[in-house]
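Numbering (my numbering), first residue to last: 755 to 1078.
Worksheet for the structure shown next.
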């Protein structure tokens, strides 16, 4: 079992980088990658080693755990009905994920909810789907998985291949749905196109917990996939609407970074709104993207979220979403 942000940053820096984190490897520059990379190239560029990767487990409530590894945080519900997970990382570490689940009393994964379509949260579908796991996601996320596409991470582009039929969600929704599992209600809600056009917040009512996927990044500035329908306004709305469905005691599970609380989510929303306001004002003044970046609109937040120059283009994505 683990706890603590510093420990996580020490153990998993590269997992955080790929999904919109604070350190850009020197061999990844936008000018050097005119063509989109495949998964093998991304793996090499970021120095991932699936064989040496470790899965760490944190119990956050009775019957609810969070697994940290290579990719997005995995929530795990274990009980009499079986195992339900939220997000599933990569097939290359699925044996380790399933071993970690076994250690806390689970067996096979019955349901896997994808918070969105990005590879570091849903690539594990390729292992789980053929095993008979029922995959659940927003309808737009399924559509994006089925067709694939290029994810513009600003410093580089990644070409996500279409998922085969057995790796696609078999249960989808548009606005919300409920799953009654392990003695409690699990609510799936989409409040807006935020990180992507198909984000899901997963509310574990029994444990008073919520998994927000990459709409909430607790390890640095977030990434907004504008090319997939994301926007800064949608990020703010999604987070604010989430607050309306939780309370001060709710356990908040981010897409990346340590498990936290409502207060941290409120501070994150404040940062989003402040940066959005500053960038919008500069756009109104006719400033270019470079001029806006030079004005350092995130400087007073850098001590919390890390230098913006090291994120996957947060200001760039805010500017782009507001301009479009």
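We treat Cβ as the ideally placed atom computed from N, Cα and C, and that holds for glycine.
For clarity, every value in this text was computed on a predicted model and none was experimentally measured.
Under the three-state DSSP convention, the category residue i falls into
{"i": "residue 790", "result": "coil"}
{"i": "residue 931", "result": "strand"}
{"i": "residue 973", "result": "coil"}
{"i": "residue 865", "result": "strand"}
{"i": "residue 783", "result": "The pLDDT assigned to residue 783 is 39, lower than 50, so where the model puts this residue is not dependable; a value taken from the coordinates is nonetheless given after this. Three-state DSSP puts residue 783 in coil, outside helix and strand."}
{"i": "residue 875", "result": "helix"}
{"i": "residue 795", "result": "helix"}
{"i": "residue 958", "result": "strand"}
{"i": "residue 964", "result": "strand"}
{"i": "residue 1052", "result": "coil"}
{"i": "residue 898", "result": "helix"}
{"i": "residue 891", "result": "strand"}
{"i": "residue 904", "result": "strand"}
{"i": "residue 1004", "result": "coil"}
{"i": "residue 1033", "result": "helix"}
{"i": "residue 778", "result": "Only weak support exists for where residue 778 lies, its pLDDT of 37 falling under 50; the coordinates are left without a value."}
{"i": "residue 1023", "result": "helix"}
{"i": "residue 839", "result": "strand"}
{"i": "residue 950", "result": "coil"}
Enclosing beta strand (DSSP E) for residue i [first to last residue]
{"i": "residue 882", "result": "Note, residue 882: premise wrong, no beta strand (DSSP E); alpha helix (DSSP H) at 879-885."}
{"i": "residue 924", "result": "Element bounds for residue 924: n/a, residue is neither H nor E."}
{"i": "residue 909", "result": "That residue, residue 909, is in no beta strand (DSSP E); it is neither H nor E in DSSP."}
{"i": "residue 833", "result": "828-833"}
{"i": "residue 943", "result": "938-943"}
Alpha helix (DSSP H) segment containing residue i, residue limits
{"i": "residue 1044", "result": "1043-1048"}
{"i": "residue 852", "result": "848-857"}
{"i": "residue 817", "result": "No alpha helix (DSSP H) contains residue 817, which DSSP labels as neither H nor E."}
{"i": "residue 1068", "result": "1068-1077"}
{"i": "residue 988", "result": "986-997"}
Outcome for residue i when other beta-carbon atoms lying within 10 angstroms are tallied against a minimum of 16
{"i": "residue 1008", "result": "buried"}
{"i": "residue 918", "result": "exposed"}
{"i": "residue 1047", "result": "buried"}
{"i": "residue 923", "result": "buried"}
{"i": "residue 921", "result": "buried"}
{"i": "residue 1012", "result": "buried"}
{"i": "residue 798", "result": "exposed"}
{"i": "residue 987", "result": "buried"}
{"i": "residue 1023", "result": "buried"}
{"i": "residue 861", "result": "exposed"}
{"i": "residue 1040", "result": "exposed"}
Rounded distance between the beta-carbons of residue j and residue i, thought under 8 Å
{"i": "residue 979", "j": "residue 905", "result": "6 Å"}
{"i": "residue 809", "j": "residue 847", "result": "7 Å"}
{"i": "residue 911", "j": "residue 790", "result": "4 Å"}
{"i": "residue 1010", "j": "residue 973", "result": "5 Å"}
{"i": "residue 999", "j": "residue 957", "result": "6 Å"}
{"i": "residue 882", "j": "residue 854", "result": "About 14 Å separates the two Cβ atoms, so there is no contact after all."}
{"i": "residue 899", "j": "residue 871", "result": "5 Å"}
{"i": "residue 1019", "j": "residue 970", "result": "6 Å"}
{"i": "residue 867", "j": "residue 819", "result": "Rounded, the Cβ-Cβ distance is 15 Å, inconsistent with contact."}
{"i": "residue 1006", "j": "residue 1016", "result": "6 Å"}
{"i": "residue 990", "j": "residue 838", "result": "Not really, about 29 Å apart at Cβ, beyond 8 Å."}
Beta carbon of residue i nearer than 8 Å to that of residue j
{"i": "residue 841", "j": "residue 828", "result": "yes"}
{"i": "residue 1065", "j": "residue 975", "result": "yes"}
{"i": "residue 936", "j": "residue 1004", "result": "no"}
{"i": "residue 875", "j": "residue 826", "result": "yes"}
{"i": "residue 1075", "j": "residue 1037", "result": "no"}
{"i": "residue 938", "j": "residue 954", "result": "no"}
{"i": "residue 951", "j": "residue 930", "result": "no"}
{"i": "residue 1070", "j": "residue 1043", "result": "yes"}
{"i": "residue 845", "j": "residue 878", "result": "yes"}
{"i": "residue 833", "j": "residue 807", "result": "no"}
{"i": "residue 792", "j": "residue 913", "result": "yes"}
{"i": "residue 1032", "j": "residue 1051", "result": "yes"}
{"i": "residue 984", "j": "residue 947", "result": "yes"}
{"i": "residue 996", "j": "residue 964", "result": "yes"}
{"i": "residue 902", "j": "residue 884", "result": "no"}
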